[in-house]
Amino acid sequence: MNADQLFNHTLISNDVKIIDHKYLTKTFMHVISDQKILLDNIVTSYKLYDDQERAFRIIAQHVVSQSQEQLKMYLGGMAGTGKSQVINALKEFFVKSNRASQFLLLAPTGSAAANIGGSTYHSILGIHEKSNSSLASLSTVRENLIGVKYIFIDEVSMLSCHDLYKISAQLAKACNM
2 MNADQLFNHT LISNDVKIID HKYLTKTFMH VISDQKILLD NIVTSYKLYD
52 DQERAFRIIA QHVVSQSQEQ LKMYLGGMAG TGKSQVINAL KEFFVKSNRA
102 SQFLLLAPTG SAAANIGGST YHSILGIHEK SNSSLASLST VRENLIGVKY
152 IFIDEVSMLS CHDLYKISAQ LAKACNM
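Structure, rendered in structure tokens:
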């Protein structure tokens, strides 16, 4: 399966797909030259290490490929391993490629959200302990998600299983899934 077939192939979310190992290398390019230059400049300016660069390029290449398939990716590591550096590089990529409205940066607390220039998932997704998701709040959530294709949640280790369920359920409601 070549890269175009891979990006255009729709799978059930629990399917496992075998992809060419080149897709996971930093030399894989599914982008046109101007975008390649932008990616290379961002990698250089943020001084991304190999693993950081690989994560950055997987996401950026998914964006430029305009794949309809959902990208589900976990970027983990101990404190100080550069997860925020990758997020900052991605922020710049989305802004410089005129796609800033396509992504959201969320976090579980106001402090964590402020550190990445994002918002709390509570405020954007209308998840509050005391209220049920009314039609009015669901309408607001849908407005918050207009044009959004990518959601990054920082400090995911602070989320409980129940928090992740609430996020998933609210997104499913907002997207009529």
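Sequential numbering of the sequence shown, starting at 2, is according to the numbering used here. We put the beta carbon where it would ideally sit given N, CA and C, even for glycine.
In this structure, the straight-line span from the alpha carbon of I147 to that of T45 is close to 32 Å. Sixteen is the threshold: since fewer than 16 other Cβ atoms of the shown chains lie within 10 Å of the Cβ of E144, the residue is exposed. In the three-state reduction of the DSSP assignment, L106 falls in the strand class. Here the alpha carbon of G81 sits roughly 20 Å from the alpha carbon of I43. A straight-line Cα-Cα distance of about 31 Å links V65 and G111. Counting only runs of 3+ residues, the beta strand (DSSP E) found wholly inside the stretch 50-130 occupies 104-108, in chain order. Membership of I43 in the alpha helix (DSSP H) is indicated by the continuous run 34-46.
Separation of K174 and V157 (C-alpha to C-alpha, rounded to the nearest whole angstrom) is 21 Å. Of all alpha-carbon atoms in L72, S120, L76, Y166, the one lying nearest the alpha-carbon of E54 is that of L76.
Here I152 carries a strand assignment [DSSP, helix/strand/coil]. In this structure, L91 sits away from D155, with a CB-CB distance that is not shorter than 8 Å. Contact check between the stretch 116-125 and the stretch 93-101: fewer than three CB pairs, one atom from each, fall below 8 Å, which does not count as touching. A straight line joining the alpha-carbon of D35 with that of A114 spans about 31 Å.
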